[in-house]
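Participant:
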């Protein structure tokens with residue numbers, strides 16, 4: 302996969318996650334405030350992490366050839382960490 306394809310694939314993944322976070326937030330909106338304070342905090346944390354991924358992606362898009370591989374590796378680590386957090390949060394929120 303070339304650089305352009307990689308970046309486009311990441312943009313698509315981030316957009317999918319944003320949509321899923323919106324869905325989680327919508328599920329929680331029907332609960333009382335007392336019931337979902339911690340759950341909404343989890344959703345806010347996910348949004349913050351996703352925004353950090355977007356910022357990193359912007360930097361990756363602008364990276365020169367010398368720093369591309371290092372930045373790509375860093376992005377992969379961040380993606381794995383987010384995916385773990387997202388999966389755990391989604392499972393936790395759906396259990397409640």
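Residue numbers (this note's numbering): 302 to 397. For every residue, glycine included, the Cβ atom is placed at its ideal position computed from N, Cα and C.
1. Could you spell out where the alpha helix (DSSP H) holding residue 319 opens and where it closes?
2. Only counting the same chain, and skipping five residues up and downstream in sequence, which positions put a Cβ closer than 6 Å to that of residue 376?
3. Counting only the same chain and skipping the five closest in sequence on each side, list residues whose C-beta sits under 8 Å from that of residue 379.
4. At the level of alpha carbons, what is the spacing between residue 345 and residue 329?
5. Would you mind giving the Cβ-Cβ distance between residue 386 and residue 347, rounded to the nearest angstrom? I have them listed as a contact below 8 Å.
6. Decide if residue 369 is buried, meaning its Cβ has at least 16 other Cβ atoms within 10 Å, or exposed.
Facilitator: Concretely, from the data shown:
1. Working through the chain shown from its first residue, we reach residue 319 at position 18. That run of the alpha helix (DSSP H) goes 304-330.
2. Position 75 of the chain shown, counted from the start, is the residue given in the question as residue 376. Cβ within range, chain order: 357 and 361.
3. One-based indexing of the chain shown puts residue 379 at position 78. For residue 379, where only same-chain residues beyond five positions count, the Cβ hits under 8 Å are 353, 354 and 357.
4. Walking along the chain shown from the start, residue 345 turns up at place 44. Walking along the chain shown from the start, residue 329 turns up at place 28. So the two alpha carbons sit approximately 12 Å from each other.
5. As a position in the chain shown, residue 386 is number 85, starting the count at 1. As a position in the chain shown, residue 347 is number 46, starting the count at 1. Contact flag correct, Cβ pair sits at about 7 Å.
6. Locating residue 369 in the chain shown gives position 68, counting from the first residue. Per the 10 Å Cβ criterion, exposed.
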